[in-house]
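Asks: Here it is, the structure, as structure tokens.
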Amino acid sequence: MPWPPHDDGAAGQSSHRTPSGEGRPSGHGRTPLVRPYAMTHGRTRTRYELAIETLVHSTADPWQLRDLLPEHRKICQLCREVRSVAEISALVPVPLGVARILVSDLAEAGLVAVHQAASGQSGDGAPDVTLLERVLSGLRAL
């Protein structure tokens, strides 16, 4: 019996046919061509500590992108404008941990520049008062 057994018109779900003819759900019509662990060669840790708000921009010339993984190329193209690691994860789309590893690889190769966010702490480990005041001011403006 083919899967799914019937088409109930599930919102946002589409099906595609596999070579065997068996239907499988594919989310929004996108299926990953390469599993995340294959993109990262099984690595789960990055060489750089990248917070989700860390900003990244591309420093690569187009000719440098030829031999990269498609995900690396897409990150470099997206980062022609400054993007956060969270945005990269959502736009590529890959899990956040995978995005961190891919960005770390690109930074090590000199193809992207990483701008670490301020820690939000003063030298003694206490929260930075100036940052807290800016956050409070922004919340009040809402």
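Under UniProt numbering, think of the first position of the sequence shown as 1, with each following residue one higher. Note that beta-carbon positions come from the ideal geometry of N, C-alpha and C, so glycine has one too. These numbers come from a predicted model, not from an experiment.
In this structure, does DSSP put residue 95 in helix, strand or coil?
Replies: For the purposes of this step, residue 95 is taken as the residue at position 95 of the sequence shown. Residue 95 falls in the coil class under three-state DSSP.
Asks: Secondary structure at residue 82, three-state DSSP: helix, strand or coil?
Replies: As a position in the sequence shown, residue 82 is number 82, starting the count at 1. Residue 82: coil per DSSP, three-state reduction.
Asks: Do residue 85 and residue 56 have their CB atoms nearer than 8 Å?
Replies: Here residue 85 refers to the residue found at position 85 of the sequence shown. Here residue 56 refers to the residue found at position 56 of the sequence shown. It is a contact, given that the beta carbons lie within the stated cut-off.
Asks: Give me the Cα-Cα distance between residue 137 and residue 100, rounded to the nearest whole angstrom.
Replies: Here residue 137 corresponds to residue number 137 of the sequence shown, with the count starting at 1. Here residue 100 corresponds to residue number 100 of the sequence shown, with the count starting at 1. Each residue's alpha carbon lies about 31 Å from the other.
Asks: Name the residue from 115, 74, 51 whose alpha carbon lies nearest to the alpha carbon of residue 93.
Replies: Mapped onto the sequence shown, residue 93 falls at position 93. Closest option to residue 93, Cα to Cα, is 74.
Asks: Quick check: what's the CA-CA separation for residue 131 versus residue 116?
Replies: By one-based count along the sequence shown, residue 131 stands at place 131. By one-based count along the sequence shown, residue 116 stands at place 116. So the two alpha carbons sit approximately 15 Å from each other.
Asks: For the candidate residues 72, 53, 52, 54, whose alpha-carbon lies nearest to that of residue 109?
Replies: Locating residue 109 in the sequence shown gives position 109, counting from the first residue. For residue 109, the nearest C-alpha among the options comes from 72.
Asks: Report yes if the CB atom of residue 78 is closer than 8 Å to the CB atom of residue 69, and no otherwise.
Replies: Within the sequence shown, the letter at position 78 stands for residue 78. Within the sequence shown, the letter at position 69 stands for residue 69. No; because the gap between Cβ atoms is not below 8 Å, this pair is not in contact.
Asks: Which one of 63, 59, 83, 114 has the shortest CA to CA distance from residue 49?
Replies: Locating residue 49 in the sequence shown gives position 49, counting from the first residue. Nearest of 63, 59, 83, 114 to residue 49, Cα basis: 114.
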